[in-house]
Amino acid sequence: MHTCAGMVLGIRMAILGCRLVGISEPRVEKVLKVYVEMDRCFTDAVGFLTGCSLGKRSLQHIDYGKPAATFHNTASEMAYRIAVPPDLRAYMESEKNGPRYGSGSKADLQKLAYCELPDYMMFRAERVKINRELIATSEKAVTRELCRICREEINDRKGFFTEAGCMCKHCENPSNSYYTV
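The sequence shown maps to residues 78 to 258 in the numbering used here.
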């Protein structure tokens, strides 16, 4: 595993998130769900530290493209969303040639800053409530439908429903799919 700034950011965010929702040992307690908002190295670090994973559905990717995550203690229902404030990069840019950080590479500067800065400079945390109607919360597939066009299975109400039946995201809009046939 490499050690980029995103990995450091994810580890720090996961430590803070667990602390805020009252979980000291996430791999043991198994009451943590994390909703990550981007698919970058930071997400791998959050999963690694917390033990949450996509396969167990304790880690869910909600693609907002933001360096943010929501940590949810399912036993207490306490949840906090933690985001990186936009001024963090500006701060690092202003400090990059200062006496504290020297003249290292941008990547080295980010890693060092992410290791040393206090949480209040790195993150913005707010208590939130999870909207369960919009998020698949069960570890097992809640529903299974067949796409009326390709006949592939669609789990957890992720298809598009019409009077003619259910369609998968690809068949509903092939020009907007990540693959073509």
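Even glycine gets a Cβ: it sits at the ideal position worked out from N, Cα and C.
- Query: Buried or exposed: where does A145 fall if 16 or more other Cβ atoms within 10 Å of its Cβ makes it buried?
  - Reply: buried
- Query: Any idea which residues DSSP pairs R221 with across the strands?
  - Reply: N232
- Item | Residues near S254 in its chain [Cβ-Cβ closer than 8 Å; skip 5 each side] | K246, H247
- Message: Quick check: the Cα distance between G128 and G99, rounded to an integer number of angstroms?
- Response: Near 16 Å, if we compare the C-alpha coordinates of G99 and G128.
- Sequence-distant residues of its chain with Cβ nearer than 8 Å to S101 (five each side left out): C95
- Could you tell me the boundaries of the beta strand (DSSP E) in which T120 lies? No beta strand (DSSP E) holds T120; the alpha helix (DSSP H) holding it covers 118-127.
- Query: When we look at the beta-carbon of A190 and count the other beta-carbons within 10 Å, is it buried (16 or more) or exposed?
  - Reply: With 16 or more other Cβ atoms from the protein chains shown falling within 10 Å of its own Cβ, A190 counts as buried.
- Query: Short check: CB of V85 to CB of K188, under 8 Å?
  - Reply: yes
- Shortest alpha-carbon distance to R158 belongs to which of G236, L223, T257, N208? N208
- Query: What is the DSSP secondary structure of A82, reduced to helix, strand or coil?
  - Reply: helix
- Residues near L93 by beta carbon distance below 8 Å, same chain, minus five either side: I159, D196, F200, A202
- Task: Would you mind stating whether A82 and A167 have Cβ atoms separated by less than 8 Å?
- Result: no
- Task: Would you check if the distance between the CB atom of A156 and the CB atom of V108 is smaller than 8 Å?
- Result: no
- Message: For a quick check, are the C-beta atoms of M244 and C224 less than 8 Å apart?
- Response: Note that the C-beta distance between M244 and C224 is below 8 Å.
- Query: How far does the beta strand (DSSP E) with Y157 in it reach, from first residue to last?
  - Reply: 156-160
- Task: Would you mind working out which of R89, Q137, I226, Y141 sits nearest K110, comparing C-alpha positions?
- Result: Q137
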